[in-house]
Amino acid sequence: MSSRDDDFFFNRNDLDQGRIQKIVNDTLHGGDDGELYFEYCQSEGFMFDDGRLKNASFDTSQGFGLRSVAGETTGFAHSSELSEAAIKRAADAVVAVKSGHAGVMADDPRGTNISLYTDDNPVNGVDFGTKVKLMQDIDAYARAKDPRVRQVSCSLTGEWSVVAIMRADGQMMRDVRPLVRLNVSIMAGVGDRQESGSSGTGGRTGYDFYLQPDVWQGEVDEALRQALANLEAVDAPAGEMTVVLGPGWPGILLHEAIGHGLEGDANRKKTSAFAGLLGERIASPGVTVIDDGTIADRRGSLSIDDEGTPSQKTVLIEDGILKGYMHDRMNARLMGHAPTGNGRRQSYACQPLPRMTNTLMLGGKDDPGEILGSVNSGLYCTSFGGGQVDTTNGKFVFSCTEAYKIENGKLGAPVKGATLIGNGPDCLTRVSMIGNDMAMDRGIGTCGKGGQSVPVGVGQPTLRLDGITVGGTST
Numbered sequence: 001m002s003s004r005d006d007d008f009f010f011n012r013n014d015l016d017q018g019r020i021q022k023i024v025n026d027t028l029h030g031g032d033d034g035e036l037y038f039e040y041c042q043s044e045g046f047m048f049d050d051g052r053l054k055n056a057s058f059d060t061s062q063g064f065g066l067r068s069v070a071g072e073t074t075g076f077a078h079s080s081e082l083s084e085a086a087i088k089r090a091a092d093a094v095v096a097v098k099s100g101h102a103g104v105m106a107d108d109p110r111g112t113n114i115s116l117y118t119d120d121n122p123v124n125g126v127d128f129g130t131k132v133k134l135m136q137d138i139d140a141y142a143r144a145k146d147p148r149v150r151q152v153s154c155s156l157t158g159e160w161s162v163v164a165i166m167r168a169d170g171q172m173m174r175d176v177r178p179l180v181r182l183n184v185s186i187m188a189g190v191g192d193r194q195e196s197g198s199s200g201t202g203g204r205t206g207y208d209f210y211l212q213p214d215v216w217q218g219e220v221d222e223a224l225r226q227a228l229a230n231l232e233a234v235d236a237p238a239g240e241m242t243v244v245l246g247p248g249w250p251g252i253l254l255h256e257a258i259g260h261g262l263e264g265d266a267n268r269k270k271t272s273a274f275a276g277l278l279g280e281r282i283a284s285p286g287v288t289v290i291d292d293g294t295i296a297d298r299r300g301s302l303s304i305d306d307e308g309t310p311s312q313k314t315v316l317i318e319d320g321i322l323k324g325y326m327h328d329r330m331n332a333r334l335m336g337h338a339p340t341g342n343g344r345r346q347s348y349a350c351q352p353l354p355r356m357t358n359t360l361m362l363g364g365k366d367d368p369g370e371i372l373g374s375v376n377s378g379l380y381c382t383s384f385g386g387g388q389v390d391t392t393n394g395k396f397v398f399s400c401t402e403a404y405k406i407e408n409g410k411l412g413a414p415v416k417g418a419t420l421i422g423n424g425p426d427c428l429t430r431v432s433m434i435g436n437d438m439a440m441d442r443g444i445g446t447c448g449k450g451g452q453s454v455p456v457g458v459g460q461p462t463l464r465l466d467g468i469t470v471g472g473t474s475t
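Residue 249 in our numbering is what sits at position 249 of the sequence shown, and the numbering runs on without skipping anything.
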C-alpha cells in the first residue's frame with residue numbers, strides 16, 4: 001500500500017473514514033480548533049563500538065492524538081490502539097474542554113502539494129548487511145588513518161513516518177517523512193592523555209547518500225581532526241574578550257540563546273525577554289535571523305507541520321529589528337497573528353508546541369579571514385557541546401568542544417575547558433562583523449522543549465562578538 005494512499009490509516013486498521021469523521025466533527029463542534037492526528041513510524045538504530053556491532057534495534061509504532069482547543073484551554077487524549085472504540089473513548093475525554101464555550105472554528109490550513117523530501121523508506125530500502133558493513137568500514141578507515149586512534153564509535157539511525165491530520169470539515173492533510181543520521185566519535189591518545197572528537201551528518205533522505213565513501217570518510221576525517229586538535233589543547237583563558245564564532249554548527253548558540261525566546265508561546269505569556277518588542281531594534285545592524293522549514297532534505301524541514309500548516313520562511317529579525325515570532329495555530333490565534341508552520345510534536349502522544357525548524361542567521365559582507373585578522377587577542381569557537389539557557393532573560397552558559405586562541409589576528413593553540421557566558425538579547429548587540437560564508441550545520445541537531453524532542457537545523461556565518469565573557473581553566 002502506498003504511503004500517499006488516502007486510506008493508508010483507515011484500510012490497514014479497518015476504520016470507516018466516514019464514521020471517524022463524524023466523531024471528529026462532534027468532538028470539535030463549538031471549539032476554536034483541534035484535529036485528529038494519526039502517525040505510523042518505523043525506526044531502527046545501530047551502534048558500533050570497539051570493532052563490533054554492540055546494538056541493533058528495530059521498532060514499529062502507530063497511534064493517534066485527538067485534540068480540542070477552546071480559548072487557551074486544550075483537551076488532549078491519545079492511544080496506540082487505532083480503533084473506532086479507542087477514538088470514541090478519547091472523544092469522551094476531550095469534548096469536556098468546551099464546556100460553556102461557543103467558539104468559531106479557526107480556518108483550515110491552506111493546502112499544499114509541495115514535498116521537500118523523498119517518500120523513500122530508509123528502514124526498508126537498504127539491507128542489514130550493507131548497514132553493518134558501512135560501520136565496519138568506518139572503524140577500519142579511522143584506525144588506519146592515524147596510530148593515535150584508540151577507540152572508534154559510530155551510530156546509524158533511520159526513521160520513516162507517515163502522518164495524517166483530520167479536521168472537523170473533512171480536510172485531510174498527509175506527509176511522509178524520512179530521517180537518517182550518521183555519527184562518528186573517535187578517541188585519540190598519546191601516553192596518558194586522551195581526547196575525543198566527533199562529527200555527524202543527517203537529513204530527510206534515504207541511506208544511499210551516507211553510503212558514499214566520500215561522505216562517511218569525510219565524517220571520520222573531521223572527527224579525527226578534532227580529536228588530534230584537542231590532544232594539543234592548552235587551558236582556556238578566562239575573562240571578557242572578543243569571540244569569533246565559526247560558520248555552521250555554532251549556530252546552535254543562536255538557536256538556544258535567542259531562538260527559544262522568539263517562539264510564540266513564551267511571547268504570548270510574556271515570559272520571553274523579547275516579549276512586546278516587535279518593531280524595535282534588538283540586535284546590531286546587519287543581523288538578520290530567519291526560521292526556514294522549506295529547505296529541501298534538511299533535518300529540520302517539514303512539508304507541513306504537525307497541525308497541517310505548510311512550512312514557510314519566517315523572518316524573525318531583519319537588519320537588527322524584531323519582525324516576528326514562530327507560531328503554532330493556538331498562539332497565533334490568541335495573539336492575532338498568522339500561524340507560521342511551527343506547530344510541532346514529538347509523536348502522536350504529544351500536543352503540538354511552537355518549535356523551531358531550521359533557524360539561521362544570514363550572511364553579511366565581511367571576509368572571514370578579515371574577521372579573524374581584526375582580532376589581536378580573543379577566542380575562536382568552532383564547535384559547541386552542552387549548554388543551559390533561561391528563556392525568561394536569555395542568560396546562557398555554553399561549553400566549547402573545539403576552540404582556539406586568537407593571537408595577533410591568527411589562530412593560535414587549541415584550548416580546552418572554554419565556556420561562553422552571557423545572555424541572548426545582549427549577545428545580539430555585540431555582533432560587530434558578519435561573514436559572507438553562511439553555512440548550515442551537518443544535519444545533527446535535536447531540540448528539547450516541554451519534554452519533547454524534535455529534529456532541527458541551525459546555521460550562521462562567521463561572526464565577531466565583542467566583549468563576551470569566557471569561562472576558562474587557565475590560572
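For glycine and all other residues, C-beta sits at the position ideal for the given N, C-alpha and C.
Rounded separation between residue i and residue j - CA only
i: P250; j: T473; result: 21 Å
i: R299; j: C381; result: 23 Å
i: V234; j: G248; result: 24 Å
i: G75; j: F48; result: 43 Å
i: E307; j: A86; result: 21 Å
i: R19; j: I421; result: 56 Å
i: N55; j: L277; result: 49 Å
i: G409; j: G369; result: 9 Å
i: R4; j: V152; result: At R4, the pLDDT of 48 sits below 50, so the modelled position is not reliable and the matter cannot be decided from this model.
i: D14; j: S83; result: 8 Å
i: T309; j: G111; result: 8 Å
i: Y37; j: I258; result: 30 Å
i: T271; j: D137; result: 49 Å
i: V163; j: G170; result: 16 Å
i: V149; j: F396; result: 34 Å
i: D437; j: M335; result: 36 Å
i: A90; j: E81; result: 11 Å
i: G424; j: F128; result: 45 Å
i: K405; j: A413; result: 6 Å
i: H260; j: T391; result: 7 Å
i: A403; j: D16; result: 59 Å
i: P455; j: K365; result: 30 Å
i: G324; j: G286; result: 17 Å
i: H327; j: C400; result: 31 Å
i: A140; j: F209; result: 20 Å
i: E263; j: D50; result: 42 Å
Residue nearest to residue i in terms of C-alpha spacing, selected from the options
i: R167; options: L116, S383, R89, G31; result: G31
i: V389; options: H255, M433, D306, G279; result: H255
i: P116; options: K395, P339, L302, D366; result: Looking at the sequence shown, residue 116 is not Pro but Leu. If we check each option's Cα against that of L116, L302 comes out closest.
i: F46; options: L156, I295, D26; result: L156
i: Y207; options: L228, I406, T130, G264; result: T130
i: R355; options: D265, S374, A413, K395; result: D265
i: V415; options: A236, A85, S198; result: A236
i: N358; options: E232, N342, Q351, D367; result: N342
i: G450; options: D367, R345, R67, A338; result: R345
i: L372; options: S383, A229, V152, E407; result: E407
i: A349; options: Q17, D33, D14, R67; result: R67
i: D59; options: E72, T73, N124; result: N124
i: L411; options: S57, E35, G246; result: G246
i: V180; options: G459, Q62, T446; result: T446
i: C427; options: L353, A273, R268; result: A273
i: N25; options: M105, E72, A77, C41; result: M105
Rounded distance between the beta-carbons of residue j and residue i, thought under 8 Å
i: I434; j: G363; result: 7 Å
i: A253; j: V190; result: Per the sequence presented here, residue 253 reads as Leu, with Ala not at that position. That belief does not hold up - the Cβ atoms of L253 and V190 are roughly 31 Å apart, past 8 Å.
i: V482; j: V220; result: In the structure displayed, the chain extends from 1 to 475; residue 482 sits before or after that span and is not available.
i: T205; j: V375; result: With 8 Å as the limit, T205 and V375 do not qualify as a contact, their Cβ atoms being about 38 Å apart.
Beta-carbon gap between residue i and residue j smaller than 9 Å
i: N113; j: P178; result: no
i: L182; j: W216; result: yes
i: V95; j: T27; result: yes
i: F490; j: R174; result: Outside the shown range of the chain (1 to 475) lies residue 490, about which nothing can therefore be said.
i: F398; j: G386; result: yes
i: F64; j: S79; result: yes
i: T469; j: G239; result: yes
i: I444; j: T201; result: yes
i: V457; j: I295; result: For the sequence presented, residue 457 should be read as Gly rather than Val. Yes.
i: G203; j: D297; result: yes
i: S199; j: R12; result: no
i: A476; j: E195; result: Coverage of the chain is limited to positions 1 through 475, which leaves residue 476 absent and any answer about it impossible.
i: V53; j: M135; result: According to the sequence provided, residue 53 is Leu. The question's Val does not apply to it. Yes; because the gap between Cβ atoms is below 9 Å, this pair is in contact.
i: P461; j: P109; result: no
So does the segment 456–475 actually touch the segment 421–431, counting three or more Cβ pairs closer than 8 Å?
The count of Cβ pairs closer than 8 Å, one atom from the segment 456–475 and one from the segment 421–431, reaches three, so the stretches are in contact.
Could you check whether the segment 278–289 touches the segment 318–331, counting it as contact only if at least three pairs of C-beta atoms, one from each stretch, sit closer than 8 Å?
Output reads yes: the segment 318–331 touches the segment 278–289.
The segment 142–154 contacting the segment 325–341, beta-carbon criterion three pairs below 8 Å:
As far as the Cβ criterion goes, the segment 142–154 does not touch the segment 325–341, which means the pair count is below three.
Touching or not, the segment 304–317 and the segment 285–293, by the rule of three or more beta carbon pairs under 8 Å?
At 8 Å Cβ cutoff, the stretches touch.
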